[in-house]
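Student: Sharing a structure with you now.
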Amino acid sequence: MAALGTRFTLEYRFFIFRPIFFNSRLFVAASYNEFMQASRTLSTGACDSTAVCSGCDTFVRPKRYDDMKRKFLLLFLAFVSVTLRAGTTNQCESVMVEGMTISFTNSHGSIMVSAGKGFERRYTWAEDTRTVMMIPRKTRWYGSLGMYNPGAYIEGKLEPWKGHDGIKRFVVEEGQRHFTNTTDAIRWIRQGSGAPDNLDYIYNDTGLVVGMDKQPRSLEERKRPDFPGTLEVDVWQIYIGGKKPVKLEGSRNASITIYYPPTYDMEIVKPPSKPIDNFNQ
């Protein structure tokens, strides 16, 4: 559980304070040094022929920019890298298909998650909706090869959501969880639902696991200007040997409502070729 908590803490804090660094690690990890050199180049106005960001070289040229252009370009690079990656296709182990909805209630409140086209997800709570473009994972992260978005946020400069219910940013995940037996699956659910993240996971008999939290918990504290209120939502689907379970101890079927569109075809999936460790990176 310590490892799981560490993962959330790093992604949560790192993206708020160091968004360019996070983008280089997340989107162009193979060219980290090139991206940072390009960022420093734009910050100083100097440039040389090696200051090229892989996939973004169109925007980095050997010329000088005034302060306003440099600041805009840095933010634009961060935004474009998110957008480009969100549109990339891969063997993403998603849970939802276009038109599918999941509504649930846990100890932190009620929410509905809707799947749009591709990696678009919509989150509806407190009578309003916000949209996120998810990012597919390229390698497994603590067992997940699904999708996520850690919510890039810079106060007054990069605010992807208009404030609602004291919430301005998000940390969201979705993916399949593969196990060989239900005992390990239940153990993983219980660990993931506890401190320090405490998303209060609930699940049904067929292995749909969902959780949500609002940080800070108090609406008054979420509206404070010194730190953005954050919505955290997880959507997972458990598979046992590539099949959904039929009964899970401790399930709360009545707390979860799902609409499966006619296009849904993931009752059975091809399991990974090797056993997955869902407890460690």
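If you're matching positions, the sequence shown starts at 5 in the working numbering and goes up one per residue. The C-beta atom is built at its ideal place from N, Cα and C for all residues, glycine as well.
(1) If you follow the beta strand (DSSP E) that Arg141 is in, where does it begin and where does it stop?
(2) Candidates Glu131, Asn185, Lys172: which alpha carbon is nearest Asp300's?
(3) Counting along the chain, where does the beta strand (DSSP E) carrying Leu235 start and finish?
(4) Rounded to the nearest angstrom, how far is the Cβ of Phe105 from that of Ser118, given a contact under 8 Å?
(5) In three-state DSSP terms, what is Thr210?
(6) Just confirm the distance between the C-beta atoms of Ile206 and Ile260, as a whole number of angstroms; I'd bet it's less than 8 Å.
(7) Is any beta-carbon of chain D found at less than 8 Å from that of Ser277?
(8) Write down the C-beta distance between Gly211 and Gln241 rounded to the nearest angstrom, noting that I regard them as a contact closer than 8 Å.
(9) According to the neighbour-count rule (16 or more other Cβ atoms, all chains shown, within 10 Å of its Cβ), is Leu203 buried or exposed?
(10) Which stretch, first to last residue, makes up the alpha helix (DSSP H) that contains Trp192?
(11) What residues match up with Asn153 in a beta bridge as DSSP calls it?
(12) Drop a sphere of 10 angstroms on the beta-carbon of Glu271, count the other beta-carbons inside from all chains shown, and report buried for 16 or more, exposed for fewer.
(13) Could you tell me the alpha carbon to alpha carbon distance between Asp269 and Met100, rounded to whole angstroms?
(14) Can you grab the Cα-Cα spacing for the pair Ile171 / Gly233, in whole Å?
Tutor: In short, the structure shows the following:
(1) Here the question's residue 141 lines up with position 137 in the sequence shown. If you look at Arg141, you'll find it isn't in any beta strand (DSSP E); DSSP assigns it neither H nor E.
(2) Because the chain here runs from 5 to 285, residue 300 falls outside it and cannot be looked at.
(3) What you label residue 235 is simply residue 231 of the sequence shown in a count that begins at 1. First-last of the beta strand (DSSP E) with Leu235: 234-244.
(4) Residue mapping note: residue 105 aligns to position 101 of the sequence shown, counting from 1. Residue mapping note: residue 118 aligns to position 114 of the sequence shown, counting from 1. Here residue 105 turns out to be Thr, not Phe, going by the sequence shown. Going by Cβ atoms, the distance from Thr105 to Ser118 rounds to 5 Å, so yes, they are a contact pair.
(5) Residue mapping note: residue 210 aligns to position 206 of the sequence shown, counting from 1. The three-state reading of DSSP puts Thr210 in coil, since its state is none of H, G, I, E or B.
(6) Here residue 206 corresponds to residue number 202 of the sequence shown, with the count starting at 1. Here residue 260 corresponds to residue number 256 of the sequence shown, with the count starting at 1. Contact holds; Cβ gap of about 7 Å.
(7) The chain labelled as chain D is not found in the depicted structure, where only one protein chain is given.
(8) What you label residue 211 is simply residue 207 of the sequence shown in a count that begins at 1. What you label residue 241 is simply residue 237 of the sequence shown in a count that begins at 1. Confirmed, Cβ separation roughly 6 Å.
(9) On the sequence shown, position 199 is the one that residue 203 refers to. Buried, since its Cβ has 16 or more Cβ neighbours within 10 Å.
(10) Position 188 of the sequence shown holds residue 192. From DSSP, the alpha helix (DSSP H) with Trp192 extends over 186-196.
(11) Position 149 of the sequence shown, counted from the start, is the residue given in the question as residue 153. Under DSSP, Asn153 takes part in a beta bridge, and its partners are Val176.
(12) If you number the sequence shown from 1, residue 271 lands on position 267. With fewer than 16 other Cβ atoms within 10 Å, it is exposed.
(13) The sequence position of residue 269 within the sequence shown is 265, counting from 1. The sequence position of residue 100 within the sequence shown is 96, counting from 1. Distance between the alpha carbons of Asp269 and Met100: 10 Å.
(14) For the purposes of this step, residue 171 is taken as residue 167 along the sequence shown, with counting starting at 1. For the purposes of this step, residue 233 is taken as residue 229 along the sequence shown, with counting starting at 1. Cα to Cα, Ile171 sits roughly 4 Å from Gly233.
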